[in-house]
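Engineer: This structure is in structure tokens; I'll ask about it shortly.
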Amino acid sequence: MSMIKIENFRSSLRGRVNNFLSKFQSTFERIEKKAEGTFTENWVKFWKNVFVDYKEVAVDIAKDVKHRPIKAAVLVSTAVFISYLFKSNPSEADYRAAVIRAANDIRLIPPSMQKEEAANFLQYIEQCYNRDLIRRISFGIACIIWVDKYNKDYKNEEAVNKYLAVTNMELFNRIVDIGILNRWFILPKKMEDYDVNF
Numbered sequence: 002m003s004m005i006k007i008e009n010f011r012s013s014l015r016g017r018v019n020n021f022l023s024k025f026q027s028t029f030e031r032i033e034k035k036a037e038g039t040f041t042e043n044w045v046k047f048w049k050n051v052f053v054d055y056k057e058v059a060v061d062i063a064k065d066v067k068h069r070p071i072k073a074a075v076l077v078s079t080a081v082f083i084s085y086l087f088k089s090n091p092s093e094a095d096y097r098a099a100v101i102r103a104a105n106d107i108r109l110i111p112p113s114m115q116k117e118e119a120a121n122f123l124q125y126i127e128q129c130y131n132r133d134l135i136r137r138i139s140f141g142i143a144c145i146i147w148v149d150k151y152n153k154d155y156k157n158e159e160a161v162n163k164y165l166a167v168t169n170m171e172l173f174n175r176i177v178d179i180g181i182l183n184r185w186f187i188l189p190k191k192m193e194d195y196d197v198n199f
């Protein structure tokens with residue numbers, strides 16, 4: 002029963018696509034006839050060639066999917082996962098919001114019961130924000146939050162000299178968090194058992 006439904010769906014989809022393509026082709030032919038001898042003739046020919054190329058690519062992809070469904074499923078799922086990683090890459094505002102939430106959570110606990118590591122970490126991050134030292138580097142699918150040496154507005158020799166800037170080795174030591182899939186990894190670890198001081 003379900004195989005019949007799938008075949009009916011495929012044939013109706015194929016019919017709709019072919020109908021759309023034939024209408025599109027006839028529209029292009031009408032426009033091409035109207036454009037003959039005018040300055041838009043080259044423009045119409047260019048877009049017609051683009052349409053033909055993309056149509057051929059779509060037909061080739063459909064054939065490949067039919068002949069190699071497992072490979073197609075792997076490629077599509079990989080593309081979807083990578084696009085999801087790009088879409089869910091957290092921003093610096095997301096990190097700031099996470100820090101504020103963590104600071105609010107820890108403020109509800111008396112100082113004698115706060116985990117010292119969590120309190121010191123949040124205090125350090127807040128000081129860095131106050132001095133405008135927090136930076137974000139995005140790699141598209143993930144990002145890192147790190148602490149710079151100088152404020153962006155600081156313009157003395159040490160701050161603007163590229164030889165005195167943070168090197169890659171120093172950057173590794175200055176990372177305060179790593180974000181991927183709308184999650185942060187170091188802040189939650191620091192906040193584990195923040196209400197237990199031992």
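Reading the sequence shown from the start, the letters are residues 2 to 199 in our numbering. Using N, Cα and C, we set each Cβ at its ideal position, and we do this for glycine too. Quick caveat, the model's predicted, so the values are computed rather than measured.
If I'm right that Lys-72 touches Val-197 with Cβ under 8 Å, what's the distance once you round it to whole angstroms?
Structural biologist: Not really, about 51 Å apart at Cβ, beyond 8 Å.
Engineer: Output the distance between the C-alpha atoms of Glu-57 and Lys-6, rounded to the nearest integer angstrom.
Structural biologist: Between Glu-57 and Lys-6, the C-alpha separation is close to 28 Å.
Engineer: With the cut-off set at 8 Å, would you say Ala-99 and Leu-182 are in Cβ contact?
Structural biologist: Contact: no.
Engineer: If you reduce the DSSP assignment to three classes, tell me which class Ser-89 lands in.
Structural biologist: DSSP places Ser-89 in coil when its eight states are reduced to three.
Engineer: In three-state terms, what does DSSP make of Asp-178?
Structural biologist: Three-state result, Asp-178: strand.
Engineer: Hey, would you say Ile-146 sits closer than 8 Å to Tyr-96, going by beta carbons?
Structural biologist: Yes, the pair counts as a contact, with Cβ atoms nearer than the cut-off.
Engineer: With a CB to CB cut of under 8 Å and the five nearest residues on each side skipped, what residues in its chain are close to Lys-153?
Structural biologist: Excluding positions up to five away in sequence, the list reads Asp-133.
Engineer: For Met-192, does the count of other Cβ atoms within 10 angstroms reach 16, so buried, or fall short, so exposed?
Structural biologist: Answer is buried; the Cβ neighbour count reaches 16.
Engineer: Tell me the DSSP secondary structure of Val-58 in three-state form.
Structural biologist: Of the three classes helix, strand and coil, the one that applies to Val-58 here is helix, per DSSP.
Engineer: What is the C-beta distance between Ile-142 and Ile-83, in whole angstroms, given that I count them as a contact (C-beta under 8 Å)?
Structural biologist: Yes, Ile-142 and Ile-83 are in contact; Cβ-Cβ is about 7 Å, under 8 Å.
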